[in-house]
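Structure record follows, encoded as C-alpha cells.
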Amino acid sequence: MTIEEAQQTVDHWIQTTGVRYFNELTNMAMLTEEVGEVARIIARQYGEQSFKESDKDKVLADELADVLFVVICLANQTGINLTDALQRNLAKKTIRDADRHRNNEKLR
Numbered sequence: 022m023t024i025e026e027a028q029q030t031v032d033h034w035i036q037t038t039g040v041r042y043f044n045e046l047t048n049m050a051m052l053t054e055e056v057g058e059v060a061r062i063i064a065r066q067y068g069e070q071s072f073k074e075s076d077k078d079k080v081l082a083d084e085l086a087d088v089l090f091v092v093i094c095l096a097n098q099t100g101i102n103l104t105d106a107l108q109r110n111l112a113k114k115t116i117r118d119a120d121r122h123r124n125n126e127k128l129r
C-alpha cells in the first residue's frame with residue numbers, strides 16, 4: 022500500500038465506519054496517547070523496565086500502526102498529502118545533513 026492509498030483507505034474507513042473525523046485537537050491528544058503506548062512497549066522490550074501483567078498483550082507493530090492511523094487522520098483532515106510532505110522532508114534532510122552524520126564521531 023502506498024502512502025496515498027493509505028490516506029484514501031483511512032478516509033474511506035472514517036467515512037463508513039468511524040462516522041466522521043474527531044476534531045484536530047482530539048486527534049492530537051489521541052496521537053500523544055498512542056505514542057505513549059509505543060514508548061511504554063519500547064521501554065519494556067528494549068529498555069530496563071519490566072513488563073507489567075497488563076502490558077504483556079501489547080504488540081509494538083499494532084501500536085505503531087495506531088500512531089500511523091492517527092497521523093494519517095490528521096493529514097487528511099488538514100489537507101496534507103503525506104507523500105509530497107515526506108518527499109519534501111527527505112530532500113530537506115538530505116541537503117541539511119549531507120555531511121552531518123558522516124562527520125559525527127559518536128556514530129563511528
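For the sequence shown, this note's numbering assigns the number 22 to the initial residue and increments by one for each residue that follows.
Ideal Cβ positions, reconstructed from N, Cα and C, are used throughout, including at glycine.
Residue i - DSSP class collapsed to helix/strand/coil
| i | result |
| --- | --- |
| residue 73 | coil |
| residue 68 | coil |
| residue 87 | helix |
| residue 99 | coil |
| residue 105 | helix |
| residue 32 | helix |
| residue 48 | helix |
| residue 57 | helix |
| residue 92 | helix |
| residue 79 | coil |
| residue 27 | helix |
| residue 112 | helix |
| residue 117 | helix |
| residue 37 | helix |
8 Å Cβ cutoff met for residue i and residue j
| i | j | result |
| --- | --- | --- |
| residue 130 | residue 90 | What the structure shows of the chain is the stretch from 22 to 129, and residue 130 is not part of that stretch, so it cannot be assessed. |
| residue 25 | residue 104 | yes |
| residue 92 | residue 59 | no |
| residue 126 | residue 95 | no |
Whole-angstrom distance between residue j and residue i, CA atom to CA atom
| i | j | result |
| --- | --- | --- |
| residue 47 | residue 54 | 11 Å |
| residue 69 | residue 62 | 11 Å |
| residue 83 | residue 52 | 14 Å |
| residue 102 | residue 112 | 16 Å |
| residue 79 | residue 28 | 25 Å |
| residue 120 | residue 76 | 41 Å |
| residue 100 | residue 33 | 15 Å |
| residue 129 | residue 36 | 49 Å |
Whole-angstrom C-beta distance between residue j and residue i, which should lie under 8 Å
| i | j | result |
| --- | --- | --- |
| residue 98 | residue 42 | 5 Å |
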